[in-house]
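These protein sequence lines are chains R and G, in that order.
Residue numbering for the first sequence is 1 to 165, as defined by the working numbering.
Residue numbering for the second sequence is 1001 to 1247, as defined by the working numbering.
Where is the CB? At the ideal position from N, CA and C, for every residue including glycine.
A quick write-up on the structure given underneath.
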Amino acid sequence: MPLFDSLYNFACWLTSDRDEAEDLVQETVAKALRGFGSFEPNTNFRAWIFRILRNTFLTSRTGLKATSTVQLDDDEEVRTVAVTTDTPETILLGALDEKAVREAIGELPIPYREVILLCELEELSYKEIAEALAIPIGTVMSRLSRARNALRDKLSTKGLKVAVQ
Amino acid sequence: MTCSKWRSKLDSYVDAELPAAEAAAFGEHLSTCSSCAAAALSRMKVKQAVQFAARAHQPSSELRSRIRQQISGRKRSRTVWMVSGLVTSLAALMFVFGQIAWSRAQSRQVVSEIADLHVSNLASTSLVDVVSSDRHTVKPWFQGKVPFTFDLPELEGTEFTLVGGRMVFIEREPSALLLFKYRSHYLSVFLVPDRAPVSRLGDSTRQHEAFTVQSWRQSDLRYILITDTNADEAHKLSFLLQATTQK
């Protein structure tokens, strides 16, 4: 998928506003063009440009507001897993409603939202996500796990059949 | 290993981040443990649901054209020094790390092949088999010659021109070569089905000899751009190609 669609989609998820997302993408491109000198060859181009976009967002007003209220406990032990009573069949049969999934993603705090989108949608590797978010790989893994737990909780409260672990 | 040990690696397993041997052992365990299999399945399901649902926003055509202008309207400012500094430091880096991994060696082999094709093509008497700056002539010419289709960017108002195209083979795959010109420099863009070993190039920018080589994936194809002009122009053209609308 072309890079711009990805950047714009990601920007929309961060800002929840089309106009702001457009500004964000344009500013990102401008910074990328100015900053090619700082791009290290052989590092991942996508991770690099997502990082620019995200940093630009974080320093915007919406970004500052959205992230100043979130408390992350990345270093805590990740919640231990419960045992499911679902059989594979019941899990397969309960199709997930697209609209509800979208709502659930939108309700996640931004640090969870971005790590989930980079992993599931952009299919970046843990290493690339670490580059994009400027955090260690261990933090990527624990944050991703926490984000998925939060998403599953939201999906279950929406009445969607997602076996919790 | 107990189930709870496996459960802690479940995320890494569904994200294909486990080392091959461990992933194989996990797969073995899943075939005998219905509870872990159910957990893995439910994770895959949520993963796919997110992938499907999250592609929710499409840029408007106004934004696309604004971005195109933004890329092409930029003034030249990068100095030769920076580029040559980059090349030198990279050469030093490559010397230090040497041949680290097999896949790296393989992707280097692909880059060499690309560089050879680029150079030998520019040395030949006819640069391209279809000579046209019109993208609506060049694109259809490839019909029936390569097993895929692609889109070409609108270059009007930019400093790039399309010279034409030719069919080439890369790693025995029929591929498209598109030749662009920037001032007196040529830029070759190769379009190859994105399979190993070509896919090992990943999304990367590298220097090979005096060339800038940029690679990215777009619509199931691997785009490989090579040029002797500076990295900036390579990035600009790759931006234009990636801004081409069709998904």
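Of the residues the options, the one placed nearest residue i, counting alpha carbons only
i, options, result
"residue 1161 (chain G)", "G:1179, G:1148, G:1028, G:1147", "G:1179"
"residue 1108 (chain G)", "G:1062, G:1201, G:1224", "G:1201"
"residue 1143 (chain G)", "G:1009, G:1243, G:1174", "G:1174"
"residue 21 (chain R)", "R:9, R:107, R:48, R:136", "R:9"
"residue 1133 (chain G)", "G:1116, G:1155, G:1119", "G:1155"
"residue 152 (chain R)", "G:1115, G:1029, G:1153, G:1046", "G:1046"
"residue 1004 (chain G)", "G:1033, G:1021, G:1015, G:1024", "G:1033"
"residue 1210 (chain G)", "G:1112, G:1068, G:1028, G:1128", "G:1112"
"residue 1189 (chain G)", "G:1141, G:1165, G:1043, G:1061", "G:1165"
"residue 1050 (chain G)", "R:121, R:133, R:158", "R:121"
"residue 1184 (chain G)", "G:1167, G:1176, G:1159", "G:1159"
"residue 1145 (chain G)", "G:1153, G:1130, G:1157, G:1135", "G:1130"
"residue 1140 (chain G)", "G:1023, G:1205, G:1167, G:1124", "G:1167"
"residue 1215 (chain G)", "R:44, R:150, R:19, R:29", "R:44"
"residue 1231 (chain G)", "R:132, R:33, R:103", "R:33"
"residue 23 (chain R)", "R:60, R:3, R:35", "R:60"
Interface partners of residue i on chain G, CB under 9 Å
i, result
"residue 125 (chain R)", "1015, 1016, 1017"
"residue 250 (chain R)", "Because chain R here runs from 1 to 165, residue 250 (chain R) falls outside it and cannot be looked at."
Residues bridged to residue i [DSSP beta-bridge criterion]
i, result
"residue 1218 (chain G)", "G:1221"
"residue 1164 (chain G)", "G:1131, G:1179"
"residue 1146 (chain G)", "G:1143"
"residue 1190 (chain G)", "G:1177, G:1224"
"residue 1204 (chain G)", "G:1215"
"residue 1185 (chain G)", "G:1182"
"residue 1170 (chain G)", "G:1173"
Proximal residues of chain G, C-beta to C-beta of residue i below 8 Å
i, result
"residue 8 (chain R)", "1057, 1058, 1059, 1063"
"residue 105 (chain R)", "1050, 1053, 1054"
Proximal chain G residues relative to residue i, where beta-carbon distance stays under 7 Å
i, result
"residue 55 (chain R)", "Those do not exist, as residue 55 (chain R) stays about 19 Å from chain G at its closest Cβ, beyond 7 Å."
"residue 117 (chain R)", "1054"
"residue 153 (chain R)", "In chain order: nothing, as chain G lies at least about 12 Å away."
"residue 50 (chain R)", "Per Cβ cutoff of 7 Å: no residues; residue 50 (chain R) is ~11 Å from chain G at best."
Heavy atom of the ligand HEM within 7 Å of residue i beta-carbon
i, result
"residue 103 (chain R)", "Looking for the ligand HEM in the displayed structure turns up nothing, as the structure carries no ligands at all."
Chain-ordered neighbours of residue i on chain R, where CB pairs are closer than 8 Å
i, result
"residue 1115 (chain G)", "Going along chain R, no residue has its Cβ under 8 Å from residue 1115 (chain G), so there is no contact; the nearest lies around 15 Å."
Chain R residues whose Cβ lies nearer than 7 Å to that of residue i
i, result
"residue 1066 (chain G)", "26"
"residue 1070 (chain G)", "26, 29, 30"
"residue 1141 (chain G)", "Neighbours of residue 1141 (chain G) on chain R: none; closest Cβ ~23 Å, over 7 Å."
> Between the region 1197-1217 of chain G and the region 1142-1160 of chain G, do three or more beta carbon pairs fall short of 8 Å?
Replying inline: No, because fewer than three Cβ pairs between the region 1197-1217 of chain G and the region 1142-1160 of chain G fall closer than 8 Å, the two stretches do not touch.
> Can you list the alpha helix (DSSP H) stretches of 4 or more residues lying completely in the region 1031-1064 of chain G, in chain order?
Replying inline: Qualifying alpha helix (DSSP H) stretches, in chain order: 1034-1054.
> Touching or not, the region 117-136 of chain R and the region 47-56 of chain R, by the rule of three or more beta carbon pairs under 8 Å?
Replying inline: Contact between the region 117-136 of chain R and the region 47-56 of chain R is present, because at least three Cβ pairs lie under 8 Å.
> How about the region 1020-1029 of chain G and the region 133-152 of chain R: do they share at least three Cβ pairs that are nearer than 8 Å?
Replying inline: These segments do not touch.
>> Would the region 1210-1225 of chain G count as touching the region 1187-1194 of chain G if we require 3 or more Cβ pairs under 8 Å?
In response: Yes: the two stretches touch, three or more of their Cβ pairs being nearer than 8 Å.
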